[in-house]
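Worksheet for the structure shown next.
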Amino acid sequence: MSLNRDQINSIAHLARLSLTDAEIPVYQDSLSKIVDLVGQLDAAQTAGIEPMAHPLPGLAQRMRPDVVTEKDQHELYQRNAPQVEAALYLVPKVIE
Amino acid sequence: MSAPANGGWETVIGLEIHAQLSTKSKIFSASATEYGAGPNTQANLVDLAYPGVLPVLNAEAVRMAVKFGLAVGAQVAPRSVFARKNYFYPDLPKGYQISQYELPVVAKGHMDIVLDDGTRKRVGITRAHLEEDAGKSLHEGLPKQSGIDLNRAGTPLIEIVSEPDMRSAKEAVAYLKKVHTLVRYLEICDGNMQEGSFRCDANVSVRRVGAEKFGTRAEIKNINSFRFVEKAINYEVARQIDVLESGGKVVQETRLYDPDKGETRSMRSKEEANDYRYFPDPDLLPVEIDAAFVEGVKATLPELPDQKAERFVSTLGLSEYDAGVLTSSKELAAYYEQVAKLLAGGKDATKEQAKLAANWVAGSLAAALNEHNLDITETRIDAARLAGLLNRIADNTISGKIAKDVFEAMWTEGKDADAIIESKGLKQITDTGAIEKAIDEVMAKNPGQLADYRSGKDKLFGFFVGQVMKATGGKANPAQLNDLLKKKLAG
Amino acid sequence: MHTFTLAELAKKLRAKEFSVTELTNSLLGRVAASQPKLNAFITVTESEALARAKTADEAFAAGKAGPLTGLPLAHKDIFCTKGVRTSCGSRMLDNFVSPYDATVVEKLDAAGMVTLGKTNMDEFAMGSSNETSFYGPVRNPWDSKLVPGGSSGGSAAAVAARVAPVATATDTGGSIRQPASLCGVTGIKPTYGRVSRYGMIAFASSLDQGGLISISAEDAAMVLNAMAGFDPRDSTSVDTPVPDYVATLNAPLAGLKIGLIQEFFDKGLSADVEKCIREALSVYEKLGATLIEVKLPSLPLSVPTYYVVAPAECSSNLARFDGVRYGYRCQDPKDLLDLYKRSRGEGFGAEVKRRIMTGTYVLSAGYYDAYYLKAQRVRQLINQDFRRAFGEVDVLMGPTAPDVAFAIGAKSSDPIQMYLNDIYTIGANLAGVPAMSIPCGFARGLPVGLQIAGPHFAEAKLLNVAHAFQKETDWHRRLPDAFAKEML
Chain A
194 MSLNRDQINS
204 IAHLARLSLT
214 DAEIPVYQDS
224 LSKIVDLVGQ
234 LDAAQTAGIE
244 PMAHPLPGLA
254 QRMRPDVVTE
264 KDQHELYQRN
274 APQVEAALYL
284 VPKVIE
Chain B
116 MSAPANGGWE
126 TVIGLEIHAQ
136 LSTKSKIFSA
146 SATEYGAGPN
156 TQANLVDLAY
166 PGVLPVLNAE
176 AVRMAVKFGL
186 AVGAQVAPRS
196 VFARKNYFYP
206 DLPKGYQISQ
216 YELPVVAKGH
226 MDIVLDDGTR
236 KRVGITRAHL
246 EEDAGKSLHE
256 GLPKQSGIDL
266 NRAGTPLIEI
276 VSEPDMRSAK
286 EAVAYLKKVH
296 TLVRYLEICD
306 GNMQEGSFRC
316 DANVSVRRVG
326 AEKFGTRAEI
336 KNINSFRFVE
346 KAINYEVARQ
356 IDVLESGGKV
366 VQETRLYDPD
376 KGETRSMRSK
386 EEANDYRYFP
396 DPDLLPVEID
406 AAFVEGVKAT
416 LPELPDQKAE
426 RFVSTLGLSE
436 YDAGVLTSSK
446 ELAAYYEQVA
456 KLLAGGKDAT
466 KEQAKLAANW
476 VAGSLAAALN
486 EHNLDITETR
496 IDAARLAGLL
506 NRIADNTISG
516 KIAKDVFEAM
526 WTEGKDADAI
536 IESKGLKQIT
546 DTGAIEKAID
556 EVMAKNPGQL
566 ADYRSGKDKL
576 FGFFVGQVMK
586 ATGGKANPAQ
596 LNDLLKKKLA
606 G
Chain C
1321 MHTFTLAELA
1331 KKLRAKEFSV
1341 TELTNSLLGR
1351 VAASQPKLNA
1361 FITVTESEAL
1371 ARAKTADEAF
1381 AAGKAGPLTG
1391 LPLAHKDIFC
1401 TKGVRTSCGS
1411 RMLDNFVSPY
1421 DATVVEKLDA
1431 AGMVTLGKTN
1441 MDEFAMGSSN
1451 ETSFYGPVRN
1461 PWDSKLVPGG
1471 SSGGSAAAVA
1481 ARVAPVATAT
1491 DTGGSIRQPA
1501 SLCGVTGIKP
1511 TYGRVSRYGM
1521 IAFASSLDQG
1531 GLISISAEDA
1541 AMVLNAMAGF
1551 DPRDSTSVDT
1561 PVPDYVATLN
1571 APLAGLKIGL
1581 IQEFFDKGLS
1591 ADVEKCIREA
1601 LSVYEKLGAT
1611 LIEVKLPSLP
1621 LSVPTYYVVA
1631 PAECSSNLAR
1641 FDGVRYGYRC
1651 QDPKDLLDLY
1661 KRSRGEGFGA
1671 EVKRRIMTGT
1681 YVLSAGYYDA
1691 YYLKAQRVRQ
1701 LINQDFRRAF
1711 GEVDVLMGPT
1721 APDVAFAIGA
1731 KSSDPIQMYL
1741 NDIYTIGANL
1751 AGVPAMSIPC
1761 GFARGLPVGL
1771 QIAGPHFAEA
1781 KLLNVAHAFQ
1791 KETDWHRRLP
1801 DAFAKEML
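Chains as they are written, first to last, in the numbering used here: chain A, 194 to 289; chain B, 116 to 606; chain C, 1321 to 1808.
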């Protein structure tokens, strides 16, 4: 297989996804197959071809004027928050 | 060479400065950027990274970045790209920071610094790029949790990266101060280090003098005062030399400066190397800056600190040192020029007038501001009133020494120089007759000293000056006193 | 009432044959009755629908109705709807009530349309069969053992069963066109940047596009008129005026040059599907069009290109789902790392995790050049192919999908098999060109879709070409027997 267990574990960690022991070989298998699939790109002749980040070429980023148009709506926005106290979002302690 | 050799070791320092741009709204959202608002009251859907939201670029942030680039003689990229820097942290709501990676908006500039011994050095600026700030984690009052405030998330920053050109902590501080002054001159950043709008990370390494390659560097993060920058770097250099001399290796890592203990320590949580997986942000298009845009920004450039200092030296005849002090802030320089102009009655100041004004602004005024922890914009003596005082020195109404007392009174009482001179009767005595009379009286009262002086004890001249000054309540014109006393003592 | 197109409904509402409230009630009844059979909806917004129906009836009474007033629709549950759950087919957002409306939702609300509910979809738009939804699979109205296609399976099934006459949808690799093909309905994916992505939960930012699934091209034109347009809140939104797509529907076709993509008529294409396509093409010839074979040699690399670019972008877009500010949070996280890993590990389904991990891998240190940059270069080649082709022909045609609908469960264990369903549709997303699928016949009793693609901003042309076919044929009026009767 193109990817080994350690790679799967390290990718899952980078992506902050918990994987059970049983899941690791399953993802190892499917991810390896995907890596094989995308490996077909190796054969493409792309010398001198620019990478294309946006499908419509030649467009430039619009810039907006420096004006404040947003007002405080934190009560509305925090209705969806799993844990809030004194308007702060709570998470397990962050150690610096 | 300005850098001290550390027993055969050379220090190499590069600085990364994050300056918050003083735009009204955030770089990618229209939320306010004001400091000190209640938690999460300035965080909208975009700042909170709600599902479905998208970034839109603030034109003023781009203008400010270009302004900086022009001021440091850098190249402004006609096309630059925003990239995502991916990592997980609670103050980073999207799970990525929008920054610039391969194509920054500004590249290849420089900053000239003057060191304590007067030597000049050019520090290269590798690049300056635009990015968004993260929010804040608060830890007080919550035993096992941290509270996240996203007001700051999305505030525009320019990250200014220097070449590793500095060779001592003092050079680093000089560079940092110069950049600090510049961003305030340009009015793109308020430079408030306590509030976090101007932050500095230092990359520090050491190597044997003469070595070609750089040593392994450590990054010291988020130092928020000039004093701490110097201390942190010095501590770190000593630490690294220690490690190397005892046969160890310097670890490439991120360290935090602890101002209470005066030492740097490793940041455990960031020790694992982060793979940021940079790629161009597909929600944003490339930023195109054409010549017209750059010209538009160029037209808004103020006279830069170096240019102003140069002018003070060449046109006003000030010393480089005085010019440097007076141009350390745009407001201070403006204040000074106003004083000089008023002193000259609206005409061009003469060299004497320029010097007089410089002495007082850089001297007594600066000292008073320092003592009371005030900025020039909060001065208790405005330019007109200071000029009023200096005029009285210039026209001999009072001596320089008396002027110092008047200044003190002006500062505390808030009155004009004339009012104080009048009310305290401080006018100089310039009437030769009155001075001669005082001299005669002192000579008569001190026959012994007179005889000693006339027999060769020249030092007693000062005694007589003091006595006459005392007798005249300090108001005798010193120059006249000197002349007349010399004549009379000579006999 | 359920078999009428939007155009017909609009006429009848104006003629006061029935009220908006009656129409809405009737369709809400069908929605409810169809749920156990189709599972096409995640949320039904009954009270909101009736409130808007009332407002629409008042507009008709006051003579202030517009072209879309009172017309019912469903929104794919990927569009944020204010005050209504927006789940994106995921446990991660099962408890998420959006505080704002997507631009698309705002525009169609402003046009007076009545939202019946939010349709089911593959989780975070990742899938081609609507089997990855947290809310269970959607069933094909033509045969409940079969998939409707995906990721906009709910929207396609709802329209195919005439439970809603039109539904918004999104297309990143074929997610509008493929389910439209498998369900025998009309779908359009506009040009990238034509429809605002603000409020459309992001999967792959440079590929996602909002569109719709309808009974006819005429209906699509009516709704697209309101949906399309520049949005200052979306930096990738293009500032080009929106033409009146309805006005040009009946332009004559004579002289139309149709390019047949040779790479699409390969051994992967099922024989009876090909037969339907060829017959549809002969209809166009009768209408005066010429068929020209064109080659787009880089097109066979679309699937590997897509499976680098889309996962890369999604791995980053989905990083915001972390249990902190909204959405699913795991129980009793023991520390920050645990909060992230379990909220995401438990909140996301397998396909989503698979794509996030693929994306993380292809962007990671050492692999970026070989995969991501390489894929973007191939994307450039694919774009060049399309541009060259459109230099020779006016539109491109071919099959939408290699086969008809397959059985639920048949391909879900092999991701690559599933990915190959999009083999004919992905190219248009990579090139950002507009593309449609219209029903053109049956194979083994199941619908077949004809794909029509055009150059950037050629939606008017596509709709005109599709409408011409729908005037000559009635495939688009067929609906499954199980849903033919008014009362289900």
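We put the beta carbon where it would ideally sit given N, CA and C, even for glycine. Just so we're clear, the structure is a prediction, and the values are computed from it rather than from any experiment.
{"Check": "Test: Val-177/B CB closer than 9 Å to a CB of chain A", "Outcome": "yes"}
{"Check": "Sheet register partners of Asp-373/B (DSSP bridge)", "Outcome": "Glu-378/B"}
{"Check": "For Tyr-211/B, the first and last residue of its enclosing alpha helix (DSSP H)", "Outcome": "No alpha helix (DSSP H) contains Tyr-211/B, which is instead part of the beta strand (DSSP E) from 211 to 215."}
{"Check": "Helix, strand or coil at Thr-1680/C according to DSSP, with G and I counted as helix", "Outcome": "helix"}
{"Check": "Contacts of Val-209/B in chain C (Cβ-Cβ under 7 Å)", "Outcome": "Checking the sequence shown, residue 209/B turns out to be Lys, not Val. The answer, in chain order, is Ala-1639 and Arg-1640."}
{"Check": "Buried or exposed (CB count within 10 angstroms, at least 16 for buried), Gly-167/B", "Outcome": "buried"}
{"Check": "Beta-carbon proximity list for Ile-517/B, same chain, < 6 Å, skipping 5 on both sides", "Outcome": "Leu-541"}
{"Check": "Outcome for Ser-384/B when other beta-carbon atoms lying within 10 angstroms are tallied against a minimum of 16", "Outcome": "Here Ser-384/B scores only 49 on pLDDT, less than 50, and its place in the model is too uncertain to base an answer on."}
{"Check": "DSSP state of Ala-532/B mapped onto helix, strand, coil", "Outcome": "helix"}
{"Check": "Cutoff 9 Å: Met-1813/C Cβ touching any chain A Cβ", "Outcome": "Any property of residue 1813/C remains undetermined from this structure, which presents chain C solely from 1321 to 1808."}
{"Check": "Short CB-CB distance (under 9 Å) between Asp-203/B and chain A", "Outcome": "Asp is not the amino acid found at residue 203/B; the sequence shown has Phe there. Output row for Phe-203/B: interface = yes."}
{"Check": "Secondary structure of Lys-1595/C, DSSP reduced to three states", "Outcome": "helix"}
{"Check": "Beta-ladder partner(s) of Ser-1438/C, from DSSP", "Outcome": "Looking at the sequence itself, residue 1438/C is Lys, so the reference to Ser does not match. DSSP lists Thr-1363/C and His-1395/C as partners of Lys-1438/C."}
{"Check": "Neighbour flag for Ala-1802/C against chain B, beta carbons, 9 Å", "Outcome": "no"}
{"Check": "Residue environment, Asp-1689/C, which counts as buried when at least 16 other CB atoms sit within 10 Å", "Outcome": "exposed"}
{"Check": "Runs of beta strand (DSSP E) lying entirely within the region 254 to 337 of chain B, each at least 3 residues, in chain order", "Outcome": "260 to 264, 271 to 277 and 313 to 323"}
{"Check": "Gly-1519/C versus Tyr-220/A: straight-line alpha-carbon distance, rounded", "Outcome": "31 Å"}
{"Check": "For Val-298/B and Ala-134/B, believed in contact at Cβ under 8 Å, the rounded distance", "Outcome": "5 Å"}
{"Check": "Three-state secondary structure assigned by DSSP to Ile-404/B", "Outcome": "coil"}
{"Check": "Under 9 Å between C-beta atoms of Gly-1390/C and Glu-1671/C", "Outcome": "no"}
{"Check": "Short CB-CB distance (under 9 Å) between Arg-380/B and chain C", "Outcome": "no"}
{"Check": "For Leu-281/A: DSSP bridge partner residues", "Outcome": "Glu-278/A"}
{"Check": "Assigned exposure category for Asp-1734/C - 16 Cβ within 10 Å defines buried", "Outcome": "exposed"}
{"Check": "The region 273 to 285 of chain A / the region 257 to 274 of chain B touching (three or more Cβ pairs under 8 Å)", "Outcome": "yes"}
{"Check": "CA-to-CA distance, Arg-1675/C to Phe-343/B, given in whole angstroms", "Outcome": "46 Å"}
{"Check": "Cβ-based contacts, 9 Å cut-off: residues of the region 1369 to 1401 of chain C near chain B", "Outcome": "Ile-1398, Phe-1399 and Cys-1400"}
{"Check": "Residues bridged to Arg-237/B (per DSSP)", "Outcome": "Asp-227/B"}
{"Check": "Arg-495/B versus Phe-313/B - alpha carbon distance", "Outcome": "27 Å"}
{"Check": "Three-state class that DSSP yields for Val-366/B in the structure shown", "Outcome": "coil"}
{"Check": "Euclidean distance between Cα positions of Ile-544/B and Leu-596/B", "Outcome": "9 Å"}
{"Check": "Euclidean distance between Cα positions of Gln-256/B and Thr-1492/C", "Outcome": "A small fix is needed here, since residue 256/B is Gly in this sequence, not Gln. Near 46 Å, if we compare the C-alpha coordinates of Thr-1492/C and Gly-256/B."}
{"Check": "Residue-chain proximity (Asp-390/B, chain A), Cβ-Cβ < 9 Å", "Outcome": "yes"}
{"Check": "Residue from Leu-252/A, Met-194/A and Ala-280/A with nearest C-alpha to Val-196/B", "Outcome": "Leu-252/A"}
{"Check": "Gln-254/A: contacting residues in chain C (beta-carbon distance under 7 Å)", "Outcome": "Ser-1555"}
{"Check": "Length of the line joining the Cα atoms of Leu-1576/C and Thr-1511/C", "Outcome": "20 Å"}
{"Check": "Contacting positions in the region 1624 to 1635 of chain C - beta carbon closer than 7 Å to chain B", "Outcome": "Ala-1632 and Glu-1633"}
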